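No gaps in the numbering here: position 210 of the sequence shown is 231 in our numbering, and each next residue is one more. All remarks here apply to the structure that follows.
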Amino acid sequence: MENFTSYPAEVQEQILSRPAREPPEGRDSNFINPSNHNDMAIAVMVLCMTIVTAFGLLRLYARLFIVQKLALEDYIGFAAYGAYSGAVWVMIQYMYTGGFLVHQWDIQVRHLLHLLYVLLVLRMSYALLMLLAKTAILIEWTRIFVPHGTRNTFFWATQIALVTNILVYVIGIIMSVVSCVPTEKIWEPWLEGRCFDRKAIDVTTAAFNLFLDIYILILPQRFIWSLQMSRPRKIGVSLIFSIGLLIVICAAGRLWANVALDYQGDTTYDSSINAIWAFVEMSGVLVVFCAPGVPKAFSHQGVFSRVITSFRTWTRLSGSTSQQKNHGSDGDDSWVKPNYSGKSRDIRVFTDIELTRTTLESGPGIEDSTIRSKSSTDPIITSH
22 MENFTSYPAE
32 VQEQILSRPA
42 REPPEGRDSN
52 FINPSNHNDM
62 AIAVMVLCMT
72 IVTAFGLLRL
82 YARLFIVQKL
92 ALEDYIGFAA
102 YGAYSGAVWV
112 MIQYMYTGGF
122 LVHQWDIQVR
132 HLLHLLYVLL
142 VLRMSYALLM
152 LLAKTAILIE
162 WTRIFVPHGT
172 RNTFFWATQI
182 ALVTNILVYV
192 IGIIMSVVSC
202 VPTEKIWEPW
212 LEGRCFDRKA
222 IDVTTAAFNL
232 FLDIYILILP
242 QRFIWSLQMS
252 RPRKIGVSLI
262 FSIGLLIVIC
272 AAGRLWANVA
282 LDYQGDTTYD
292 SSINAIWAFV
302 EMSGVLVVFC
312 APGVPKAFSH
322 QGVFSRVITS
332 FRTWTRLSGS
342 TSQQKNHGSD
352 GDDSWVKPNY
362 SGKSRDIRVF
372 TDIELTRTTL
382 ESGPGIEDST
392 IRSKSSTDPI
402 ITSH
């Protein structure tokens, strides 16, 4: 398409209306209603967006109304939601321009060129979100697990991950922009200029990303399991930080998709698989960022706690009234008194994975410190 602009408008229109790739022998192009999996993509998008939005609102509520303070990582992490909105736009554009898992011979050239631009936006959004969200995660974990002024092994391990994360994604953003010079040549291939090997850049970035995800997933586990608390609590707290396992799976899937992607083959079909892996991974990273702050939203100070407590009280009262009516309808005039054994049960709100509602806040780290639970029934937790 080097001489595209020199052709008459009618010829340009003919070129843009052609199939983006010649169909296999015995098959015809279908531009009207090609086979696709947009329904699957919609389901993935709705599920991911619902979870990410819910977690984000819970963390924001906890920070604004419970803790009443935003830390540096909150500003950085919530800024990543801007990049996530870019990824949402990409998924919608991909769906309506070409379609998910649609073969390239069922797409016109004009739509392929637009998809090339859309995929560039996805790469930029992905790198920017990972840069911001993972930076926020590592900063928060440093505050959680490292006492103020301490320079222990965890601190330096986190700093190495932080610097590596920034370098990898800043380089990734730059390489995405300059993969073709000028950048517009990515979606306007008739422009004069040159392009680098796009696959080499994508595979290398995906490999570094997978390594970082595994590294960040493993990082806090030793400190969690060294805490003196009950095994169920350890498992609960570990699960908060192990949500990253989903991210590792998606990162591995994205690396595989990049390796398998043939830039000279059925690109639109293969790229849609890559886009789905990337979107789920981006969603998972935001969930990991929000997760440590979510339990605070259900603490005794929060409106969610009061709503849950009121609901439980109402259901117990309703159950008691129903039981009394049932006894009365049996024709038995005797009053059956409820049997209370021991102390009345406390109405407890979900706090098991909250790490006693203090660890995941903005105070000093838990290492070499003693944390007393706000609940009188919770034991003192002393870290090694």
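Think of the CB as a built atom: it goes at the ideal place given N, C-alpha and C, for glycine as much as any other residue. Here the structure is a predicted model, which is why all the values come from computation and not from measurement.
State yes or no: is the C-beta of residue i within less than 8 Å of the C-beta of residue j?
i, j, result
"F175", "V184", "no"
"F300", "A108", "yes"
"L152", "Y190", "yes"
"V139", "I297", "no"
"S320", "I72", "no"
"C69", "S293", "no"
"H58", "L122", "yes"
"A433", "I97", "Given a span of 22 to 405 for the chain in the structure shown, any question on residue 433 remains unanswerable."
"L282", "W208", "no"
"Y129", "F25", "Note on residue identity: the sequence assigns Gln, not Tyr, to residue 129. No, the pair does not count as a contact, with Cβ atoms beyond the cut-off."
"A182", "L266", "no"
"G214", "A148", "no"
"F76", "V308", "yes"
"A101", "L134", "no"
"A272", "D291", "no"
Have a look at the options and flag the residue whose alpha-carbon is nearest the alpha-carbon of residue i.
i, options, result
"I195", "M66, D291, S146 and P241", "S146"
"H132", "E31, T288, I294 and V315", "T288"
"V111", "V224, N295, A312 and V130", "N295"
"D234", "V306, I63 and N59", "V306"
"V142", "G103, Q242, V123 and W177", "G103"
"V198", "A182, D223, I181 and P316", "D223"
"C280", "A178, I270 and K220", "The residue asked about is misnamed: residue 280 is Val in this sequence, not Cys. Of A178, I270 and K220, the residue nearest in Cα terms is K220."
"Q285", "Q125, E31, R172 and F25", "Q125"
"A312", "Y82, Q33 and I113", "Y82"
"I63", "I113, L85 and F217", "I113"
"A318", "N59, N54 and L79", "L79"
"T226", "R215, I165 and R144", "R144"
"S56", "R48, D127 and R84", "D127"
"V269", "R243, N230, Y290 and A278", "N230"
"A228", "F76, R172, A101 and N186", "N186"
"E23", "R275, W211, Q242 and Q89", "W211"
"L188", "M61, F217, K155 and T204", "K155"
"K316", "R84, E31 and K206", "What sits at residue 316 in the sequence shown is Pro, not Lys. Answer by Cα proximity: R84."
"L276", "F244, I264, F232 and V67", "F232"
"R165", "C201, M61, T74 and F244", "Note on identity: in this sequence residue 165 is Ile, with Arg being the wrong assignment. Here the closest residue by C-alpha is F244."
"Q180", "Y236, T204 and M61", "Y236"
"I264", "S247, E302, G274 and W246", "E302"
"G314", "A30, Q89, K206 and E31", "Q89"
With which residues is residue i paired in a DSSP beta bridge?
i, result
"Q129", "P40"
"V202", "R215"
Hey, could you find the ends of the alpha helix (DSSP H) residue i is sitting in?
i, result
"R219", "R219 to I239"
"T406", "Within the shown structure, residues of the chain are numbered from 22 to 405, placing residue 406 beyond reach of any answer."
"P62", "As written in the sequence, residue 62 is Ala, which differs from the Pro given in the question. Taken as a continuous stretch (DSSP letters only), the alpha helix (DSSP H) holding A62 covers N59 to Y82."
"Q114", "L93 to T118"
"R300", "In the sequence as presented, Arg is not what sits at residue 300; that position holds Phe. From DSSP, the alpha helix (DSSP H) with F300 extends over T288 to C311."
"N279", "G265 to A281"
"F244", "Q242 to W246"
Inset, instruction - Please determine if the segment 24 to 37 and the segment 110 to 119 are in contact, where contact requires at least 3 C-beta pairs separated by less than 8 Å. - result: They do not touch, by the three-pair rule.
Inset, instruction - Take every Cβ of the segment 155 to 165, pair it with every Cβ of the segment 78 to 94, and state whether three or more of those distances are shorter than 8 Å. - result: Touching, yes, given that three or more Cβ pairs across the two stretches are closer than 8 Å.
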